[in-house]
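In our numbering, the protein residues as written are 6 to 64.
Here the structure is laid out as structure tokens; the discussion comes afterwards.
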């Protein structure tokens with residue numbers, strides 16, 4: 006498994022928590038940062054999945 010998948014998943018989880026806390030306490034900036042972290046993590050995870058797919062196809 007590509008490390009980007011793992012790191013991306015962790016960033017996504019961190020973003021989800023930040024977003025939820027931001028909503029809970031009414032902090033729009035924290036909520037926005039959470040959404041950005043979530044999107045960044047999802048993109049990184051997708052990159053890792055693509056790398057794994059390519060590696061599998063080349064075997």
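C-beta atoms are modelled at their ideal positions from N, C-alpha and C, and glycine is treated no differently.
Residue i (DSSP reduced to helix, strand or coil)
i, result
"residue 64", "coil"
Limits of the alpha helix (DSSP H) - the one that residue i falls within
i, result
"residue 13", "8-30"
With 16 other Cβ atoms within 10 Å as the buried cut-off, status of residue i
i, result
"residue 17", "buried"
"residue 13", "buried"
"residue 33", "exposed"
"residue 31", "exposed"
"residue 91", "With the chain covering only 6 through 64, there is no way to say anything about residue 91."
"residue 39", "buried"
Distance between beta carbons of residue j and residue i, contact taken as under 8 Å
i, j, result
"residue 42", "residue 19", "6 Å"
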